[in-house]
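For the record, in the sequence shown the residue sitting at position 41 is 41 according to UniProt numbering, with numbers rising by one throughout.
Cβ atoms here follow ideal geometry from the backbone N, Cα and C, with glycine treated the same way.
All of these numbers come straight from a predicted model, not from anything done at the bench.
Reviewing the structure listed below.
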Amino acid sequence: MDKPYGLYLILTNPVAGYEACAWAAVNQGLRYLQLRMKHAPREEILEKALSLREITKGSKTLFIVNDHVDIAKEADADGVHLGQEDMSLEEARSMWTAPGKQFGLSTHGVEQELAARDLQPDYIGVGPVFPTPTKDKPDPTVGLEAMGRIIKGSPLSCVAIGGINPENLPQVLEHGAGNFSVVRAVNQSHDPESAIANLMDVWRKHYP
1 MDKPYGLYLI LTNPVAGYEA CAWAAVNQGL RYLQLRMKHA PREEILEKAL SLREITKGSK
61 TLFIVNDHVD IAKEADADGV HLGQEDMSLE EARSMWTAPG KQFGLSTHGV EQELAARDLQ
121 PDYIGVGPVF PTPTKDKPDP TVGLEAMGRI IKGSPLSCVA IGGINPENLP QVLEHGAGNF
181 SVVRAVNQSH DPESAIANLM DVWRKHYP
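Laid out in structure tokens, this is it:
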């Protein structure tokens, strides 16, 4: 398990634009940037993936595509993130055999985290910690206590996700999360770089 790195940023309909948010993520030195365009046409997702790939190329920021292994491969992203109802990790790895690619997996409770250990993803999402409206069919809320137990007990690299914002982030960190993901806290900001910096400032108070 690697050292905590803080914010894992997911981009979904950002008001400042995808490219502006990607530049902000790179400028702030974020470890991960994920493109999540759930209902967009394939051509639109690929176009945006190619654009964000150019911005993140050669930076510290790893570019991840949500769900679409084929688009991640075509854009030469750094990895793909899969949900519980998406293609299996085994199938994704067989489709995309390029060395050094990252494969992330969403988990929503103790049983899914335990199952993930056998699959050995590069990291897992743990949540939703709080209720969140960013999914059409929200998964049951995990809550702070269960999130903390899962993360503290897991040998996998974990990212807390779901309804996290600057106000509740201290609680998330106090319960054991070293890494966290947000959607609305950055995507709804007209100044994404300041929003990212603010979240990382909160994180650094716990992980100086």
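- Cβ neighbours of K48 within its own chain (closer than 7 Å, five residues either side excluded): Y18, L35 and M37.
- Exclusion of the five residues before and after P14 leaves C21 and N187 as the residues of its chain whose Cβ lies within less than 6 Å of its Cβ.
- Rounded to the nearest angstrom, the Cβ distance from G127 to G104 is 13 Å, too far for a contact under 8 Å.
- Nearest to L114 by alpha-carbon distance, out of I150, A92, D70 and D86, is I150.
- Annotation for I124: the continuous beta strand (DSSP E) segment containing it runs Y123 to V126.
- A straight line joining the alpha-carbon of I55 with that of Y5 spans about 20 Å.
- Between I71 and Y32 a beta carbon distance of about 17 Å is seen, past the 8 Å cut, so the two are scored as non-contacting.
- The DSSP-derived three-state label of T97 is coil.
- Residue environment analysis places D118 among the exposed positions, since fewer than 16 neighbouring C-beta atoms fall within 10 angstroms of its C-beta.
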